[in-house]
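Residue numbers (my numbering): 30 to 332.
Built from N, CA and C at the ideal position, the CB exists for glycine as well.
Please read these numbers as outputs of a predicted model, since none were measured by experiment.
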Ligand SMILES: Nc1ncnc2c1ncn2[C@@H]1O[C@H](COP(=O)(O)OP(=O)(O)OP(=O)(O)O)[C@@H](O)[C@H]1O
Ligand SMILES: [Mg+2]
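#1: Expressed to the nearest angstrom, what Euclidean distance is found between the alpha-carbon atoms of residue 46 and residue 278?
#2: Taking only runs that begin and end inside the segment 189 to 251, name each unbroken beta strand (DSSP E) of 3 or more residues, in chain order.
#3: Check whether the segment 228 to 238 touches the segment 261 to 271, counting contact only when three or more Cβ pairs, one atom from each stretch, lie closer than 8 Å.
#4: If I follow the unbroken beta strand (DSSP E) through residue 37, where does it start and stop?
#5: Between which two residues does the beta strand (DSSP E) containing residue 133 stretch?
#6: Counting by C-beta, which residues lie closer than 5 Å to a heavy atom of ligand 2, in chain order?
#7: Give every residue of the same chain whose Cβ lies closer than 7 Å to the Cβ of residue 82, excluding the five residues on either side of it in the sequence, and list them in chain order.
#8: Assign residue 135 to buried or exposed, taking buried as 16 or more other Cβ atoms, counted over all protein chains shown, within 10 Å of its Cβ.
#9: What does the Cβ neighbour count give for residue 67, buried or exposed, with the cut at 16 atoms within 10 Å?
#10: Put residue 126 into one of helix, strand or coil per three-state DSSP.
#11: Return helix, strand or coil for residue 98, following the three-state DSSP convention.
#12: Which same chain residues, not among the five before or five after residue 160, have their C-beta less than 8 Å away from its C-beta?
#13: Contact defined as beta carbons within less than 8 Å: I believe residue 291 pairs with residue 54. What is the distance between those atoms, to the nearest angstrom?
#14: Along the alpha helix (DSSP H) that carries residue 162, what are the first and last residues, could you check?
#15: Would you call residue 196 buried or exposed, if buried means 16 or more other Cβ atoms sit within 10 Å of its Cβ?
#16: For the beta strand (DSSP E) containing residue 88, name the first residue and the last one.
#17: Which two residues bound the contiguous alpha helix (DSSP H) that contains residue 263?
#18: Helix, strand or coil, according to DSSP, for residue 286 in the structure here?
#19: Helix or strand or just coil, what does DSSP make of residue 271?
#20: If I follow the unbroken beta strand (DSSP E) through residue 299, where does it start and stop?
#21: Compare the beta carbon distance of residue 253 and residue 308 with 8 Å and say whether it is the shorter of the two.
#22: Under DSSP, the alpha helix (DSSP H) around residue 108 begins and ends at which residues?
#23: Residue range of the alpha helix (DSSP H) that residue 23 falls in?
#24: Please report the distance separating the alpha-carbon of residue 200 from that of residue 116.
#25: Taking Cβ positions, are residue 241 and residue 275 nearer each other than 8 Å?
#26: Closest by CA to residue 261, which one among 296, 213, 206 and 281?
What follows is the structure, given as structure tokens:
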């Protein structure tokens, strides 16, 4: 399988982390093997998952409340320090297995203090090399990466390892510019790292509107904004795919960081998430079919 997907938008607070963890848990609860990777030094994905599965990093101080949390030694910092030429690296240095179907390469809350603006080519390629060296694509149906809201070493490392990227947006008057910029960034990467992308294309799965009220409660201004974004000439020229399903608002997210729709009893949100995941899997399938046709219809998958 080649399903490595980055959740990407340079704009902050648009729902990247929320959508990534929700799609990830939903897929894992529906018999798919999922690896989450927290590439964002803010570590929000890790915080949510650690709270839900009761883990903490060694350096997080023990309090009365988190005494019963297990210690996790795996971190993404070990990935960025990983070089394929040094022997002795173990999967457990990077990957924390949460249950039968779900694992995570957790972020490192300490990483926010590290200066990683440049990054050597070795560390830029670290996620990609690790995935190859440990045959990680064979072990998971989906690898989902939560990216920071910046164009940085972290996003380069994520995109170099990705087959697809998906862009959550919360509609505002800068959304069109933001997506245009994202496409320019991806195009630049394809040029700079042409050998890498010649072998494995990086394709846009689509834009998905997030944190939108339920259908009959969408304010007219917001609905018009979404229509304008969908219909904008710039995005039509770029042939941007928009998910038909929008990710509706759910108040529980702001109340509990360990809230997950797939494990909740919210029927409306569950159905909404199910539709998003169906479209997500379908978009991947369709793009793969296109790629196969372009290669001349052969069935073999390159890794
Ligand atoms: N569907 C939703 N319903 C309600 N709140 C949501 C929804 N999606 C996201 N949010 C809230 O919006 C805020 C931003 O979401 P999130 O952290 O997922 O964005 P992000 O793009 O990952 O942000 P950053 O760029 O800082 O990483 C959070 O408080 C989150 O709980
Ligand atoms: Mg985030």
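This is what the structure gives:
#1: Against the chain shown, residue 46 aligns to sequence position 17. Against the chain shown, residue 278 aligns to sequence position 249. Spanning the two alpha carbons is a distance of roughly 14 Å.
#2: Within the segment 189 to 251, the runs of beta strand (DSSP E) that reach at least 3 residues and sit entirely inside it are, in chain order, 193 to 198 and 232 to 238.
#3: Under the three-pair Cβ rule at 8 Å, the segment 228 to 238 counts as touching the segment 261 to 271.
#4: As a working mapping, residue 37 is identified with position 8 in the chain shown. It is not in any beta strand (DSSP E) - residue 37 carries neither H nor E in the DSSP assignment.
#5: Translated into the one-based positions of the chain shown, residue 133 becomes position 104. In the DSSP assignment, residue 133 falls within the beta strand (DSSP E) that extends over 131 to 134.
#6: In chain order, the residues positioned with their C-beta nearer than 5 Å to some heavy atom of ligand 2 are 45, 46 and 73.
#7: What you label residue 82 is simply residue 53 of the chain shown in a count that begins at 1. The residues are 127.
#8: Reading the chain shown from its first residue, position 106 is the one you call residue 135. Buried, because 16 or more other Cβ atoms sit within 10 Å of the Cβ of residue 135.
#9: Residue 67 sits at position 38 when you count from the first residue of the chain shown. Buried, by the Cβ-count rule.
#10: For the purposes of this step, residue 126 is identified with residue 97 of the chain shown, where counting begins at 1. The answer is strand: DSSP assigns residue 126 an E or B state.
#11: Working through the chain shown from its first residue, we reach residue 98 at position 69. Reduced to three states, the DSSP call for residue 98 is coil.
#12: Numbered from 1 along the chain shown, position 131 holds the residue referred to as residue 160. Excluding sequence neighbours, residue 160 sits near 33, 166, 172 and 190.
#13: On the chain shown, residue 291 is found 262 positions in, with the first residue counted as 1. On the chain shown, residue 54 is found 25 positions in, with the first residue counted as 1. Contact between residue 291 and residue 54 is confirmed by a C-beta separation of about 5 Å, below the 8 Å threshold.
#14: For the purposes of this step, residue 162 is taken as the residue at position 133 of the chain shown. Going by DSSP, residue 162 is part of the alpha helix (DSSP H) stretching over 155 to 162.
#15: The sequence position of residue 196 within the chain shown is 167, counting from 1. Burial call: buried.
#16: Working through the chain shown from its first residue, we reach residue 88 at position 59. Per DSSP, residue 88 lies in no beta strand (DSSP E) segment and is marked neither H nor E.
#17: One-based indexing of the chain shown puts residue 263 at position 234. Start and end: 262 to 266.
#18: As a working mapping, residue 286 is identified with position 257 in the chain shown. In the structure shown, residue 286 sits in coil (DSSP, three-state: anything other than H, G, I, E or B).
#19: As a working mapping, residue 271 is identified with position 242 in the chain shown. Strand at residue 271.
#20: Sequence index remark: in the chain shown, residue 299 carries index 270 (1-based). DSSP places residue 299 in no beta strand (DSSP E) but in the uninterrupted alpha helix (DSSP H) bounded by 296 to 323.
#21: Here residue 253 refers to the residue found at position 224 of the chain shown. Here residue 308 refers to the residue found at position 279 of the chain shown. No. Outside cutoff.
#22: Working through the chain shown from its first residue, we reach residue 108 at position 79. It spans 105 to 109 - the alpha helix (DSSP H) in which residue 108 sits, taken as one unbroken run.
#23: A query on residue 23 cannot be resolved here, the shown segment of the chain reaching from 30 to 332 and no further.
#24: Position 171 of the chain shown, counted from the start, is the residue given in the question as residue 200. Position 87 of the chain shown, counted from the start, is the residue given in the question as residue 116. About 47 Å.
#25: For the purposes of this step, residue 241 is taken as the residue at position 212 of the chain shown. For the purposes of this step, residue 275 is taken as the residue at position 246 of the chain shown. In this structure, residue 275 lies closer than 8 Å to residue 241 by Cβ.
#26: On the chain shown, position 232 is the one that residue 261 refers to. Looking only at 296, 213, 206 and 281, the smallest Cα-Cα distance to residue 261 is reached by 206.
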